[in-house]
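Residue numbers (UniProt numbering): 1 to 372. Each residue gets a CB set at the ideal place from its N, CA and C atoms; glycine is no exception.
Here you go:
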């Protein structure tokens, strides 16, 4: 693991997820840019091989007969490209937190490294791992919704309603609102990319043009904390995306609605085991994770009996398991299994970066239409 030392949030999530299905052992890490913190973090986690830089780690692990097979990169956005490229060049598979990088130039350099490397690259857009999201994708692919017309997606939070990044006690707020570490997008990069990715994953549609209105409502904030985005998809469907981190009363309100000429579906992350499907002219149907109407796609990423909560950590774990299956197939020279193919990769990451760039450009031009 690179990053994820003491005081980090997402590193612990990745560690939980990687352990859930028993595919990974965490044996090495460069857990912090601070040598003292890196060593202390490794000791606290009982990681035997502690490094003080990712460069040192990539070189040393590639040279070991028992070196790591994969690395998880869980650093702030501006420290994604460097480690990912270093490990790919060392022939080590990469599992990287989203968004892909902080800048499009970094993303293009990483994309080139992925193409050069024999190692695999995975991106943890974790919401694609939820069982009911897989079910929703399958419903759309089956034609149950008919020709798609509307895609509505929102991701709404309230944790940045106040200028907490200036309080000196919130590390997450500090780097996520800093252009040098987060990139050109604030809320649109942090959670807007999740919403954008989810909409595309389920609908199968590609955005042709978008018009974005970005705001930093908190005075003095350098990056947007709210965005309204109109989407025009290839094939004629239209959509709207709203992401906000300044909407009091909302914790992690990711919600997707997709409507076609034959039906519609609704899914909300805070009630993840339930998918609502309405065939046009018929009663709305509730599909649950382990219910009679659940598909093989949903069942393949479910672990526990129906009616029991399964969500955020399990969604992450499904991506880690898919990556593990992909790595084993790659090592054996076998075709990539379906669970591995469904894990987002470099193309999903590039789409997210182009989305952020297009939103920023559009907003600067008074919500002009821009192609991502």
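- Here residue 57 is not near residue 273, since their CB atoms are 9 Å or more apart.
- In this structure, 229 is the residue among 337, 140 and 229 with its C-alpha nearest to the C-alpha of residue 152.
- Taking a contact to require three or more Cβ pairs closer than 8 Å, the stretch 155 to 165 and the stretch 232 to 249 qualify as touching.
- Ranked by Cα distance from residue 349, the first of 295, 7, 105 and 360 is 105.
- If one requires a minimum length of 3 residues, the beta strand (DSSP E) runs lying completely within the stretch 186 to 223 are 207 to 215, in chain order.
- Burial state of residue 116 is exposed, judged by a 10 Å Cβ sphere holding fewer than 16 other Cβ atoms.
- For residue 226, the beta-bridge partners assigned by DSSP are 215 and 244.
- Between residue 150 and residue 258, the C-beta spacing is below 9 Å.
- Beta-bridge analysis with DSSP links residue 263 to 279.
- From the listed residues 313, 238, 125 and 285, the smallest Cα separation to residue 197 is found for 125.
- The Cβ neighbour count for residue 283, taken over all protein chains shown within 10 Å, is under 16; the residue is labelled exposed.
- Comparing alpha carbon positions, the residue from 178, 327, 61 and 139 closest to residue 203 is 139.
- By the C-beta criterion, the stretch 289 to 308 is judged not to be in contact with the stretch 163 to 176, since fewer than 3 inter-stretch pairs fall below 8 Å.
- A straight line joining the alpha-carbon of residue 27 with that of residue 347 spans about 29 Å.
- Boundaries for residue 16: no beta strand (DSSP E) harbours it, while the alpha helix (DSSP H) harbouring it runs 10 to 20, taken from the DSSP string.
- Residue burial annotation: residue 29 is buried, with at least 16 other C-beta atoms found within 10 angstroms of its C-beta.
- Annotation: the continuous alpha helix (DSSP H) that includes residue 181 extends over 179 to 182.
- With fewer than 16 other Cβ atoms from the protein chains shown falling within 10 Å of its own Cβ, residue 331 counts as exposed.
- For residue 74 against residue 84, the beta-carbon gap comes to about 12 Å, at or over 8 Å, which does not count as contact.
- In the structure shown, residue 27 adopts coil according to DSSP, grouped into three states.
- In the DSSP assignment, residue 120 falls outside any alpha helix (DSSP H) and carries neither an H nor an E.
- Per DSSP, residue 325 is one residue of the alpha helix (DSSP H) stretching across 312 to 332.
- In this structure, residue 194 sits away from residue 97, with a CB-CB distance that is not shorter than 9 Å.
- For the alpha helix (DSSP H) assignment, the uninterrupted runs of no fewer than 4 residues enclosed by the stretch 28 to 58 are, from N- to C-terminal side, 35 to 44.
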